[in-house]
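**Q**
Protein chains: 2
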Amino acid sequence: MTQAAARTARARSYDQHACRLARSALAGDRADEVPGWLSERRRAGTFEVRRIPFDRLQKWAFEPDTGNLVHDTGRFFSVEGLSVREDDGPVWSQPVINQPETGILGILVKDIGGVPHFLMQAKMEPGNIGLFQLGPTVQATRSNYTGVHRGRATRYVEYFVRPRRGTVLTDVLQSEQGDSFLRKRNRNMVVEITGDIEEHDDYRWLTLGEIHRLLAVDNLVNMDARTVLSSLPFPPADGDDATAPHTDTELLSWLAGLKTRREREVKRIPLSEVRDWRRTPEEIAHVRGRHLRVLAVSVLAGNREVTSWTQPLLAAQRQGLAAFVIRWSGGAPQVLVQGLSQPGTFDVTELAPTVQCVTDGCTDLPQPPPFLDYVLSAPADRVRYSAVLSEEGGRFHERANRYLIVEADASFPREVPQEYRWLTLSQVKRFIGFSNHFDVEARTLVSCLQSLWGREPSWTS
Amino acid sequence: MTQAAARTARARSYDQHACRLARSALAGDRADEVPGWLSERRRAGTFEVRRIPFDRLQKWAFEPDTGNLVHDTGRFFSVEGLSVREDDGPVWSQPVINQPETGILGILVKDIGGVPHFLMQAKMEPGNIGLFQLGPTVQATRSNYTGVHRGRATRYVEYFVRPRRGTVLTDVLQSEQGDSFLRKRNRNMVVEITGDIEEHDDYRWLTLGEIHRLLAVDNLVNMDARTVLSSLPFPPADGDDATAPHTDTELLSWLAGLKTRREREVKRIPLSEVRDWRRTPEEIAHVRGRHLRVLAVSVLAGNREVTSWTQPLLAAQRQGLAAFVIRWSGGAPQVLVQGLSQPGTFDVTELAPTVQCVTDGCTDLPQPPPFLDYVLSAPADRVRYSAVLSEEGGRFHERANRYLIVEADASFPREVPQEYRWLTLSQVKRFIGFSNHFDVEARTLVSCLQSLWGREPSWTS
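Structure representation (C-alpha cells):
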C-alpha cells in the first residue's frame, strides 16, 4: 500500500460544490434591496403580535395534574419541567420546551447565469424582532408538513421530502438551544434544482455573497437560515488541515472524555414541580430573574386571508453573547471552541463558541467565563464580525444575542483550559457534517465566519 | 484554490497507525495457545454460575410500586419497561435494561520487537458460554472504575482515564444492543503505551494476526473486544473511496431521512405495565415465547479470594443471525448495510448488518427479512466468514449469534431496497469513527471482516 493522497468520498463531494459556491459568494450586488423588501412584505398584509395573559390562550391550557402548558391536540410542543442531576451534585430544575418531532429547514439552490442562487423567504414569526426576517426556503415542523395544522401545505416542501428532485448538497440533523429545548433537532438541508419553480412574492433568489452581506445586519438573517448555511459545503478548503493542532481522532477522544466526565440524569418532570420558578397570570419566571421566562402572545397574520392564533413563547431575560476567538494559520481561520453540556443537549456535550453566555446576558454574571473579558475588550481592528442576531421567533420572544468574531493577538494565552480546543475550519465542517457536534450558537458563528471568505485579506485559500 | 489532494487531519491520523497495525495483522503464530490458556485460567480458580429463582437474588428486588428489578444502591443497572409508539401505529412494550452510565472498553497496545501487540484479558462473565472468553484489557462500568463496587480498582484502568499516559489510537462512544438496552453506550478506546507495565496471569500480549485467527473460533473473542477492534484505524485504506457508489453526503442524507421518516415516542414505563410478558418465580418471559427473557443467576468467582454475588441476566430465546453481504471493488470490500431502528437505539436509526435477526432467531420468523435466504443458501465458497459469537456475558445469559460474511455473486440484485446502501470500508471506518452510526452486531462483523485482511486474495490494498 502507499501513502498516496486519496480524496475521501466526503472530500470529493465537498470539493465538487465548494468552488461553485465560492462563485456565488463573490457575486451579487442587490443585498441592499432586501431590508426594504422585508418591510414591504410586512406592509403587504396584516401582522400583529400582542402579549396576552395565559388565560386568554386558545387551544392551549395548563394541564390540571402536571401544570404543563399543552396544546389541545397534544401536538406541536409543550412547556414542561426538566430536572437535572449531575453525579451526586445538587438537583436543579427549569421549564423546557418538549417538541419531540423533527422539522425541516431547507434552502433551494439553483444555477442562474452560471451562479448558484439561494431561494430565501421573507418569513414572519411572532417572536421576531421586526416580525419579518430572512429565512430559508422552507422551515416546517413535522406538524406543518404532514398537515396537522390543516392549513395549506408548506410551500416548496415537496423538494425536501421523498421522493425528492434535485441534488442534496447537505442534509444533517442539528440540535437547537440546549438551554430551552429537550433534545430538539431539525433536519438542515440544501437541495440544488435545475428546472423552473413557481415564483412567489415572499421568496427571492439571492447569491451567497448577498446573504453574507445581510449577515452583517442586526436581526435580519434568521436562525433557521444561519444554521442551514453553516452546514453548506463552503468555503473551499485546501490544506488547512495540514496546520491542525489536533487530529480528528484526538478531538473526538477529547469530546468523548467530556461527554463521560460526569454522569448526568435528565428527567422530564411536571412543570408544577419546577423549583424556584413562579407562575403569574402573565408569565412563568425564575424567582431571582434568571434564565428564561414563559409568556403568551396572540397573533394576527396574513395578506389575503388573515389567520389568528395564540401561543406560548420563551423570552430571555436580556441579550446574550456568543463569540468565536479565531486565529489565522496557513491562510485559513482556526476557531477556539469549548465543549459545553446543556440540560437539553441531544448528546450530552456539544462544541460551543469560545464564549457563550446567552441566557442571563454577560454583564451581571456571578463569575465571568473564560475569555469573556478578552472578547469584550478587543480593539475594533481585531473584531472581524459583530452583529445582534435573533433566535427562532416561532418559539422565542425577541430573543437575541450579540455574535462576535474576535481575532486573537499575541497576548492570547498559548495554553487553553481542558474544555477548549483549536479546530481548523475543515474540521469544523467535518464535525458539523456528522450532526450533533456543534450547538446552534456555534453554527451561527460558523455561518458568520464563512461570510468573511473573500473579504478577509488573511484568508488566502 | 486548487483541487490538489490534501489529506484530512482524520486521514493523516488513520494512515499513521494503519501501516503499523498491518504489520501486527501479519505477525504472530501463538493463537493456538489461547484456548488452552483460557481453560487454564478457568481451572486456576473457583467459578460457578447457577440459575436461581428471583426470590434468591441478594441486593436485587422488584420495587413494589413499579415491578422494576433494581439494585439496593440504585446503581449498576435496572430492568424496567419500555413503551414504544411510532406515528399513530400501535403501542408496544417490552422489558429493557436501563444503565445510564457509560463504561470503558479499552485495549492497551505496545510495540514489542517492532510489532504492535494487544493486551488481551482472560475475562470471566457469568453469562458467557464457556465462562472465560478473550476480552479487552479493560471492561469497566463507571461503577467499576469509580469504586461503587468497593472492590479493588479495575486493573490497568488508569491508562484510560485522565490523566492518560500513551497515544490514543481510537476513542469513541458506541451503542450496545438496541433491542435490550435503553440508549446504552460504552467508550471504546485503544491506547498505545511505550513503557513497561505490570504483567498479570489473566492478561496476554497478542498480535492483531493472532486475534484475527481467534475470531474464527466459536465463542472465543468476546463482544467487548470485537467492538473495540472495529474502531481501530485498520485496515490500511488506499483509494477504495474512488469506487464508492455514494458520497458521504449522500449516505448521511439517506440516514437523516430514515431517522426522521417516522415520529417515534419511546417512554420508560414500570416493568409491571409491560403487556404480554409474564413473571414467574424463575423468569419474565413473553407469553408467546418471543424476544428475550429475564432470569437470575448466582455466581461464585475467584482464585485466591472467592467472591459471590447474584444478578439478573437477559437470555435470548434462540441463536440469532447477523450477516454482511460484501462485494469486491477496486481491490477492497464494500458492505451492504441497512438502516435499522431499534427501541433502545441512542440515535433512532443505526447502520446494521445486511441481515440482522437476533432476538427470535432466523428460522421461524413470520416473514423472512430481505437477503436472509440469500445468505443462508450461499454456497461454501461464497462464505468468507462464519462463526458463532457471544454477546456481552455480564448482561446476557449465553446469548449468541451466528455471524456470517457472504460474498455476493452475479445473481445478487443490482437494486437494493431504500433502507439498504453499499458502503466502502473506508466509509464504514469514518462512520464508526464518529460514534453512534453502527450497531454492535455490525461492528462485530466489521471486526470479522477486517480479520480477513492479508488472507483474502481479492483484497489487494
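Line order of the protein sequences matches chains X and R.
Residue 148 in the working numbering is what sits at position 148 of the first sequence, and the numbering runs on without skipping anything.
Offset between the second sequence (1-based) and the working numbering: plus 1000.
Yeah, the Cβ is synthetic: ideal placement off N, Cα and C, and Gly gets one too.
These numbers come from a predicted model, not from an experiment.
1) By the 10 Å Cβ neighbour count, where 16 or more other Cβ atoms means buried, how is K267 of chain X classified, buried or exposed?
2) Is V383 of chain X close to chain R? Criterion is C-beta to C-beta, closer than 8 Å.
3) Looking at C-beta atoms only, is the number of pairs between the segment 60 to 79 of chain X and the segment 1223 to 1242 of chain R that lie closer than 8 Å three or more?
4) Is there a Cβ from chain R that is less than 8 Å from the Cβ of F434 of chain X?
5) Taking the alpha-carbon positions, what's the R293 of chain X to V355 of chain X distance?
6) Quick one: measure Cβ to Cβ for G106 of chain X and M223 of chain X, integer angstroms, because I've assumed they're closer than 8 Å.
7) Using the three-state DSSP reduction, which class does C448 of chain X fall into: helix, strand or coil?
8) What does the alpha-carbon distance come out to for the pair G239 of chain X and R1012 of chain R?
9) Return yes when the C-beta of T1247 of chain R is under 7 Å from any heavy atom of the ligand MG, and no when it is not.
10) Closest Cβ-Cβ distance between T1059 of chain R and chain X: below 8 Å?
11) Are R1492 of chain R and I1104 of chain R close, meaning C-beta to C-beta below 8 Å?
12) Closest to R1204 of chain R by CA distance: which of R:G1135, R:L1340, R:A1442 is it?
13) Would you mind sorting P457 of chain X into buried or exposed? The rule is 16 or more other CB atoms within 10 Å of its CB.
14) Could you tell me how far apart the beta carbons of E1361 of chain R and R1395 of chain R are, in whole angstroms, since I believe they sit closer than 8 Å?
15) What is the DSSP secondary structure of G1393 of chain R, reduced to helix, strand or coil?
16) Leaving out five residues before and five after M1124 of chain R in sequence, what residues of the same chain have Cβ atoms less than 7 Å from its Cβ?
17) Look up I1211 of chain R in the DSSP assignment and say whether it is helix, strand or coil.
18) Mind pulling the chain X residues with CB within less than 8 Å of K1259 of chain R?
19) List, in order along the chain, the chain R residues whose C-beta lies closer than 7 Å to that of S13 of chain X?
20) Less than 8 Å between CB atoms is the rule here; does R455 of chain X satisfy it with respect to chain R?
21) Reducing DSSP to helix, strand and coil, say where L271 of chain X ends up.
22) When you compare only the Cα positions, how much space is there between F1346 of chain R and S1175 of chain R?
23) How would you write the range of the alpha helix (DSSP H) that V34 of chain X sits in, first residue to last?
24) Work out the CA separation of S78 of chain X and P64 of chain X for me, nearest whole Å.
25) Which class does V375 of chain X belong to by DSSP, given the choice of helix, strand or coil?
26) Where L314 of chain X and G89 of chain X are concerned, what is the direct C-alpha to C-alpha distance, given to the nearest angstrom?
27) Got a sec, what are the start and stop residues for the beta strand (DSSP E) V84 of chain X sits in?
28) If we ignore side chains and look at the alpha-carbon of each, how far apart do A4 of chain X and L182 of chain X end up?
29) Per DSSP, which residues does T46 of chain X bridge with? Please list them.
30) Residues in its own chain within less than 7 Å of L1365 of chain R by CB, not counting five upstream and five downstream?
31) For R1304 of chain R, count neighbouring C-beta atoms within 10 Å of its own C-beta (all shown protein chains included) and say buried if the count is 16 or more, exposed if not.
32) Check each residue of the segment 1135 to 1148 of chain R: if its Cβ is closer than 7 Å to any Cβ of chain X, include it; give the result in chain order.
33) For chain X, is any of its Cβ atoms less than 8 Å away from the one on T1345 of chain R?
34) Could one say the Cβ of A153 of chain X lies closer than 8 Å to chain R's Cβ atoms, at least one of them?
35) List, in order along the chain, the chain R residues whose C-beta lies closer than 7 Å to that of S535 of chain X?
36) Give the single residue among X:A387, X:A322, X:E101 whose Cα lies nearest to the Cα of R75 of chain X.
**A** Quick look at the numbers:
1) It counts as exposed.
2) So, not an interface residue.
3) No contact exists between the segment 60 to 79 of chain X and the segment 1223 to 1242 of chain R.
4) Output row for F434 of chain X: interface = yes.
5) If you take the alpha carbons of R293 of chain X and V355 of chain X, they lie about 23 Å apart.
6) Beta-carbon to beta-carbon, G106 of chain X and M223 of chain X are separated by about 14 Å, too far to satisfy the 8 Å threshold.
7) The answer is helix: DSSP assigns C448 of chain X an H, G or I state.
8) G239 of chain X and R1012 of chain R have their C-alpha atoms roughly 12 Å apart.
9) Of the ligands one can find in the structure shown there are none, so the ligand MG has no counterpart to examine.
10) As written in the sequence, residue 1059 of chain R is Lys, which differs from the Thr given in the question. At least 8 Å separates the CB of K1059 of chain R from every CB of chain X.
11) A question about residue 1492 of chain R goes unanswered here, because the residues of chain R that appear run from 1001 up to 1461.
12) Answer by Cα proximity: R:G1135.
13) Result: exposed.
14) In the sequence under discussion, the amino acid at residue 1361 of chain R is Gly, which differs from the Glu named in the question. Approximately 19 Å separates the beta-carbon atoms of G1361 of chain R and R1395 of chain R; this is outside 8 Å, ruling out the contact.
15) Of the three classes helix, strand and coil, the one that applies to G1393 of chain R here is coil, per DSSP.
16) Answer for M1124 of chain R: F1047, L1131, F1132, A1301, listed in chain order.
17) For I1211 of chain R, the secondary structure class from DSSP, reduced to helix, strand or coil, is helix.
18) The answer, in chain order, is T102, L173.
19) Contact note: S13 of chain X reaches chain R through T1247, D1248, T1249, using a C-beta cutoff of 7 Å and chain order.
20) So, not an interface residue.
21) Helix, per DSSP.
22) In a straight line, the C-alpha of F1346 of chain R is about 7 Å away from that of S1175 of chain R.
23) Taken as a continuous stretch (DSSP letters only), the alpha helix (DSSP H) holding V34 of chain X covers 33 to 43.
24) P64 of chain X and S78 of chain X have their alpha carbons spaced roughly 14 Å apart.
25) Here V375 of chain X carries a helix assignment [DSSP, helix/strand/coil].
26) L314 of chain X and G89 of chain X: Cα-Cα distance of roughly 27 Å.
27) Segment 78 to 86, the beta strand (DSSP E) holding V84 of chain X.
28) Confidence is the limiting factor: at A4 of chain X the pLDDT is only 33, short of 50, which leaves the residue's position unreliable, though a coordinate-based value still follows. Cα-Cα distance, rounded: 45 Å.
29) Beta-bridge pairing links T46 of chain X to X:G302.
30) Around L1365 of chain R: C1357.
31) Counting of Cβ neighbours within 10 angstroms places R1304 of chain R among the exposed residues, the total staying below 16.
32) Those residues of the segment 1135 to 1148 of chain R that come within reach of chain X (Cβ to Cβ, closer than 7 Å) are R1142.
33) So, not an interface residue.
34) No, A153 of chain X does not count as interfacial toward chain R.
35) Only positions 1 to 461 of chain X appear in the structure, and residue 535 of chain X is not among them; the question remains open.
36) Comparing Cα-Cα distances from R75 of chain X to each of X:A387, X:A322, X:E101, the minimum goes to X:E101.
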